[in-house]
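Data block below; observations after.
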Amino acid sequence: MRIPKIPLVAGAIALSLAAAGCGGASTSNTTPTSGVSVQGTSTCKSGATPITFWAWVPGMARAVEAFNARHPDICVSLQNVGSGNQEYVKVTSTLKAGSGAPDVAELEFDELPSFEITHSVVDLSKYGADSVKNKFVSWAWQEVSQGSAVYAMPDDAGPMGLYYNQNLLAQYHITPPATWADFASDAAALHRANPNAYLTNFAAGDLQWILSLMAQDNAFPFRYTGGSNVTIDFTGPAQTAFANYWQNLLAAHEVNATTDMDATSFADLDKGVDATWLSSAWGPSYFATAARASVGQWRTAALPQWSAGVNVAANWGGSTYPVFTQSQHPQQAATFAEWLTSSDAAWTILKTSPSSLFPTYQPLLSDPSFTGITVPLSGTATPNSTFAAAATKVGTVQWPPFMTEALTESDTVFAGVLNGTGTLPAAFRAFQDKLVSYAKAQGFTVSTS
Amino acid sequence: MTLAIDRVAGRQRTARPPTRRSSWIHRRDRRGVWFIVPFLAAFGLFMVVPLGYAVYSSLYTSKLIGGTTFSGLANYQQVLTSGDFWSGVVRTVIYAAIQIPVMLVIAFFFAAIFDLGLVKFGKFFRTVFFMPFAVPGVVAAVMWSFMLEPHFGPVTQVLAAFGVQNVDFFGPNLVLPSIILIVIWEWTGYNMVILFTALKQVPRDMVEAALLDGATVWTIIRRVKLPMVRPAIVMIVLVNTIGALQLFTEPFILQQFENQAISTNYTPTLYVFNTATGGGQYNLAAAMAVILGLFIGVVSVGSLLFRRRAGDLG
Numbered sequence: 001m002r003i004p005k006i007p008l009v010a011g012a013i014a015l016s017l018a019a020a021g022c023g024g025a026s027t028s029n030t031t032p033t034s035g036v037s038v039q040g041t042s043t044c045k046s047g048a049t050p051i052t053f054w055a056w057v058p059g060m061a062r063a064v065e066a067f068n069a070r071h072p073d074i075c076v077s078l079q080n081v082g083s084g085n086q087e088y089v090k091v092t093s094t095l096k097a098g099s100g101a102p103d104v105a106e107l108e109f110d111e112l113p114s115f116e117i118t119h120s121v122v123d124l125s126k127y128g129a130d131s132v133k134n135k136f137v138s139w140a141w142q143e144v145s146q147g148s149a150v151y152a153m154p155d156d157a158g159p160m161g162l163y164y165n166q167n168l169l170a171q172y173h174i175t176p177p178a179t180w181a182d183f184a185s186d187a188a189a190l191h192r193a194n195p196n197a198y199l200t201n202f203a204a205g206d207l208q209w210i211l212s213l214m215a216q217d218n219a220f221p222f223r224y225t226g227g228s229n230v231t232i233d234f235t236g237p238a239q240t241a242f243a244n245y246w247q248n249l250l251a252a253h254e255v256n257a258t259t260d261m262d263a264t265s266f267a268d269l270d271k272g273v274d275a276t277w278l279s280s281a282w283g284p285s286y287f288a289t290a291a292r293a294s295v296g297q298w299r300t301a302a303l304p305q306w307s308a309g310v311n312v313a314a315n316w317g318g319s320t321y322p323v324f325t326q327s328q329h330p331q332q333a334a335t336f337a338e339w340l341t342s343s344d345a346a347w348t349i350l351k352t353s354p355s356s357l358f359p360t361y362q363p364l365l366s367d368p369s370f371t372g373i374t375v376p377l378s379g380t381a382t383p384n385s386t387f388a389a390a391a392t393k394v395g396t397v398q399w400p401p402f403m404t405e406a407l408t409e410s411d412t413v414f415a416g417v418l419n420g421t422g423t424l425p426a427a428f429r430a431f432q433d434k435l436v437s438y439a440k441a442q443g444f445t446v447s448t449s
Numbered sequence: 001m002t003l004a005i006d007r008v009a010g011r012q013r014t015a016r017p018p019t020r021r022s023s024w025i026h027r028r029d030r031r032g033v034w035f036i037v038p039f040l041a042a043f044g045l046f047m048v049v050p051l052g053y054a055v056y057s058s059l060y061t062s063k064l065i066g067g068t069t070f071s072g073l074a075n076y077q078q079v080l081t082s083g084d085f086w087s088g089v090v091r092t093v094i095y096a097a098i099q100i101p102v103m104l105v106i107a108f109f110f111a112a113i114f115d116l117g118l119v120k121f122g123k124f125f126r127t128v129f130f131m132p133f134a135v136p137g138v139v140a141a142v143m144w145s146f147m148l149e150p151h152f153g154p155v156t157q158v159l160a161a162f163g164v165q166n167v168d169f170f171g172p173n174l175v176l177p178s179i180i181l182i183v184i185w186e187w188t189g190y191n192m193v194i195l196f197t198a199l200k201q202v203p204r205d206m207v208e209a210a211l212l213d214g215a216t217v218w219t220i221i222r223r224v225k226l227p228m229v230r231p232a233i234v235m236i237v238l239v240n241t242i243g244a245l246q247l248f249t250e251p252f253i254l255q256q257f258e259n260q261a262i263s264t265n266y267t268p269t270l271y272v273f274n275t276a277t278g279g280g281q282y283n284l285a286a287a288m289a290v291i292l293g294l295f296i297g298v299v300s301v302g303s304l305l306f307r308r309r310a311g312d313l314g
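If you're matching them up, the sequences are chains A and B in order.
The first sequence begins at 1 in the numbering used here and counts up by one.
The second sequence begins at 1 in the numbering used here and counts up by one.
What follows is the structure, encoded as structure tokens:
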């Protein structure tokens with residue numbers, strides 16, 4: 001899952017309104033507990049083992065209901081305590097406090113190592129997780145496991161692709177670029193043809209997006225396999241080449257230096273200011289709500305390649321489901337996490353709107369009923385077929401166990417790239433310094449190359 | 001010894017019946033206790049205990065590798081030498097130096113107008129001016145962020161209609177003025193009511209005497225009313241200075257609209273928050289909070305003492 005920006009604020013408003021008594025539609029199966037409603041428990045039998053589950057995927061309650069109906073001995077209750085960092089802060093606090101943590105919670109791939117290092121997540125191989133290993137794309141399984149230990153069940157992902165407005169590209173006589181070199185010359189050509197338009201936007205403020213593109217360039221800056229050694233390298237040759245590539249486009253104003261995943265960038269896409277979007281499988285569902293004029297014109301292609309003839313993909317986002325060590329019922333919690341992520345029954349629900357999750361679950365990736373899905377935004381095209389092909393070509397990355405800190409600091413460090421007062425290579429150097437000193441203060445042995 | 005006590009008791013007896021007095025004291029004590037228990041419980045639970053815990057945890061360091069160890073004043077040393085922390089303090093001081101005087105002038109201007117009865121429907125307009133204060137700070141910040149939003153916000157669009165294009169209220173140059181604008185909108189009405197109440201306390205005969213002496217309205221405001229409400233102004237400045245150093249809500253909400261507009265150390269309280277929740281450095285954040293608290297304490301007590309000597313208070 002991905003966390004949109006403005007909706008967080010809207011959610012905050014909704015919350016404060018609800019607290020003030022202005023909202024308050026409640027259905028028969030929602031029981032308010034400390035301001036957060038519990039969902040999914042309508043089919044629970046009395047005496048069933050209670051499992052608490054935190055997640056923010058829309059429509060997740062449908063899967064929880066289905067699980068509870070199939071497992072009369074277990075009663076999973078779903079709570080949405082906020083998206084992304086809002087939830088992580090609560091999980092971390094309850095773990096620190098020693099009580100109140102959920103049995104299972106949604107964590108993005110990049111956050112999982114932060115909970116592994118504090119020994120807060122259960123090794124699911126004790127509960128048979130290994131038996132479903134082959135149902136998942138290999139990179140996803142590697143990101144949730146260390147050796148034989150499995151610290152979470154992988155769920156959805158965001159393989160990346162080039163999302164393009166076919167009418168606009170045709171208008172500028174551009175075919176979807178196969179290489180990044182083509183991409184750069186197309187960006188220059190398009191901006192020459194129309195100084196008010198760009199081939200794409202560069203979202204310097206979105207660290208996860210940048211890291212995904214770096215991974216595709218074999219320039220991922222982190223290496224970490226547990227323990228006290230970590231590599232942080234934003235200034236090596238590969239990383240600097242990546243930064244220079246984009247800085248050249250930024251300096252020439254051939255890409256649009258702006259934010260992403262917000263109303264502004266969606267408006268730019270819809271109005272033809274940006275002709276393409278380097279996005280992921282889940283991107284279109286967020287853009288769809290903002291698209292008006294360009295509905296039906298969007299097509300997908302594989303990411304441009306750094307050398308001709310290869311096919312390297314990248315992943316942006318996605319979630320995992322660990323069981324926390326505080327759980328009184330890890331067996332039942334693991335049963336739920338495994339069912340949720342590796343059963344046809346769960347995916348039949350989660351692949352559909354409003355959840356619209358893109359699976360790391362292989363049976364679905366090769367299922368024509370999934371790859372053949374059409375969406376209004378893309379007319380008769382089938383975006384999932386492009387993204388499903390990319391999903392198996394993603395390289396594994398190793399996230400450091402302090403991504404919350406990295407994400408918090410990145411907004412400040414990369415701000416200058418967005419407003420034109422700094423360059424991307426300079427931001428990489430500053431970010432390197434910031435993270436290295438943080439990691440050292442946290443007791444890590446830091447390698448920088 | 002016995003004699004002495006008897007003598008004392010005897011002397012008391014002559015002054016007041018001792019049994020009555022002691023039981024009265026006793027009863028008063030017990031009643032008093034019940035009156036202050038709710039306050040003390042809340043004060044202890046939500047002020048003393050957290051403060052004590054903050055000081056306690058500021059003396060330790062928790063590392064991801066190596067666990068928690070006693071580190072003495074190391075966290076304090078790190079904060080005191082941290083450019084990121086003090087640049088936030090400097091920013092809030094600049095903010096206060098602009099926001100408080102501007103707000104005071106506007107608040108006093110309208111308080112004086114209402115006090116002199118120069119406008120019709122004074123009560124109605126006083127209520128209208130006070131209304132922003134009734135809007136919760138978070139809601140006000142969200143509302144203003146929508147209005148000032150650089151791409152679709154109505155204020156930006158109106159400016160564009162008048163030929164002022166591409167005003168970025170969240171850009172590096174305008175984000176602090178935008179915050180000042182929001183805070184002034186929120187707090188001017190409240191401070192106006194305080195000043196208005198203070199102006200109403202100025203004895204009528206003083207104003208009448210000044211009028212008889214031929215003073216103009218402007219002279220009366222400047223020479224009679226303003227000096228008489230100086231204590232209220234001093235109080236407002238003090239409270240707002242403390243509030244300014246704790247600036248959090250407006251930049252925090254603005255950040256939800258545009259991440260890059262507000263750095264992690266934009267204000268000291270934001271830095272405390274981000275250090276704790278972002279990096280998980282709760283101990284360092286605790287040391288920051290303690291230092292910020294002491295800094296605010298020194299500023300408030302210092303200015304109180306200064307003003308007391310100047311004869312404005314007490």
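Here a beta-carbon is modelled for each residue, glycine too, at the ideal position from N, C-alpha and C.
Model, not experiment: these values are computed from the prediction.
Top-ranked residue by Cα proximity to residue i, from the options
i	options	result
ASP73 (chain A)	A:ASN80, A:THR43, A:GLY98, A:THR240	A:THR43
GLY379 (chain A)	A:PRO284, A:VAL310, A:THR408	A:PRO284
PHE169 (chain B)	B:ALA161, B:MET147, B:GLY189, B:PHE35	B:MET147
ASN384 (chain A)	A:ALA157, A:THR264, A:LYS434	A:ALA157
LEU213 (chain A)	A:PHE67, A:GLN305, A:HIS329, A:ALA149	A:GLN305
THR192 (chain A)	A:GLN146, A:HIS173, A:VAL230, A:LEU365	Sequence inspection shows Arg at residue 192 (chain A); the Thr mentioned does not correspond to that position. With distances taken between Cα atoms, ARG192 (chain A) lies closest to A:HIS173.
ARG307 (chain B)	B:MET235, B:PHE257, B:SER263	B:MET235
TRP187 (chain B)	B:LEU245, B:PRO136, B:ASP84, B:GLU208	B:PRO136
Nearest-angstrom Cα separation, counted from residue j out to residue i
i	j	result
THR30 (chain A)	LEU78 (chain A)	With a pLDDT of only 34 at THR30 (chain A), under 50, the local geometry of the prediction cannot be trusted, and the value read off the model is given with reservation. C-alpha separation (whole angstroms): 10 Å.
GLN12 (chain B)	TYR60 (chain B)	Reliability of the predicted coordinates at GLN12 (chain B) is poor, the pLDDT of 46 falling under 50, and the value obtained from them is presented with this limitation in mind. One C-alpha to the other measures close to 56 Å.
LYS351 (chain A)	LEU357 (chain A)	5 Å
THR208 (chain A)	LEU407 (chain A)	Residue identity differs from the one stated: residue 208 (chain A) is Gln in this sequence, not Thr. The straight-line gap from Cα to Cα measures roughly 8 Å.
THR335 (chain A)	VAL104 (chain A)	11 Å
ILE220 (chain B)	ASN191 (chain B)	21 Å
GLY32 (chain B)	PHE39 (chain B)	12 Å
MET261 (chain A)	LEU269 (chain A)	11 Å
PHE196 (chain B)	LEU238 (chain B)	18 Å
PRO154 (chain B)	ILE94 (chain B)	28 Å
ILE350 (chain B)	GLY302 (chain B)	Here chain B covers residues 1 to 314 and nothing more, so residue 350 (chain B) does not appear.
ALA244 (chain B)	THR92 (chain B)	6 Å
ALA96 (chain B)	TYR164 (chain A)	48 Å
ASN201 (chain A)	ILE349 (chain A)	34 Å
LEU159 (chain B)	GLY161 (chain A)	38 Å
GLU409 (chain A)	ASP274 (chain A)	27 Å
Own chain residues within Cβ distance below 6 Å of residue i, not counting five before or after
i	result
PRO154 (chain A)	PHE136, ALA140, VAL144, THR320, THR360
Test item: CB-CB of residue i and residue j under 8 Å
i	j	result
THR396 (chain A)	GLN142 (chain A)	yes
ASP233 (chain A)	PRO221 (chain A)	yes
ASP110 (chain A)	TRP399 (chain A)	yes
ALA302 (chain A)	THR386 (chain A)	yes
GLY189 (chain B)	PHE121 (chain B)	no
VAL89 (chain B)	ILE253 (chain B)	no
ALA263 (chain A)	PHE110 (chain B)	no
ALA452 (chain A)	ILE117 (chain A)	Outside the shown range of chain A, which is 1 to 449, sits residue 452 (chain A), and nothing can be said about it.
VAL76 (chain A)	GLU338 (chain A)	no
GLU254 (chain A)	ALA188 (chain A)	yes
GLU108 (chain A)	TRP54 (chain A)	no
Contacting residues, own chain, Cβ-Cβ under 8 Å from residue i (five flanking each side not counted)
i	result
ILE184 (chain B)	GLN99, VAL102, MET103, ILE106
Close beta carbons around residue i, own chain, < 7 Å, minus the five adjacent residues each side
i	result
VAL295 (chain A)	PRO376, LEU377
LEU116 (chain B)	VAL217
DSSP beta-bridge partners of residue i
i	result
PRO359 (chain A)	A:ASP156
VAL150 (chain A)	A:SER145
PRO50 (chain A)	A:CYS75
VAL230 (chain A)	A:VAL446
TYR198 (chain A)	A:ASP274
GLU111 (chain A)	In DSSP, GLU111 (chain A) forms no bridge with anything.
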